[in-house]
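For reference, the structure discussed in these notes is given below.
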């Protein structure tokens, strides 16, 4: 499988984000459940992130590929015993997860990598690993500006 720069960067940043959570980044008795997006994200995480994380921490990772809204629904339905340890969200669902109190503040003080993130990626509710641009298009024959 050939990875694009974007996929490789996303995987590397996700690995870094996972390392930032000291409570889950050390070997534990059970597998760490990490939600990832489907398609090329899942492929890149299986090929790059999971082996690198296992090598660094000794922790087994189980990938659960799904969209952000499905992650939120799954965790909301089982608040007392969330089935996902690490969620990966695009911006809108990330805000929803915060509003619904599904995430905890990020342990900045105990993170050895948080300081290395660019300021725009530093957030007390969890590091941002990618940024996106959304464009607005319209039919100029129907919409007058």
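In my numbering, the protein residues as written are 23 to 167. Glycine included, C-beta positions come from ideal geometry on N, C-alpha and C.
Quick check: the segment 111-129 against the segment 88-96, are there 3 or more CB pairs under 8 Å?
-> yes
Put residue 48 into one of helix, strand or coil per three-state DSSP.
-> Any reading at residue 48 must be qualified, since the residue scores a pLDDT of 48, below 50, and its modelled position is unreliable; no value is offered.
For residue 164 and residue 111, the rounded distance between their alpha carbons = 34 Å
Hey, how far is the Cα of residue 123 from the Cα of residue 132?
-> 22 Å
Within the same chain, show all residues whose beta-carbon is closer than 8 Å to that of residue 145, passing over the 5 residues directly before and after it, in chain order.
-> 128
What's the gap between the Cα of residue 73 and the Cα of residue 55?
-> 14 Å
Rounded C-alpha distance that separates residue 150 from residue 114 = 12 Å
Going by C-alpha distance, which of 66, 107, 63, 101 is nearest residue 84?
-> 107
Could you give the distance in angstroms between the alpha-carbon of residue 126 and the alpha-carbon of residue 87?
-> 22 Å
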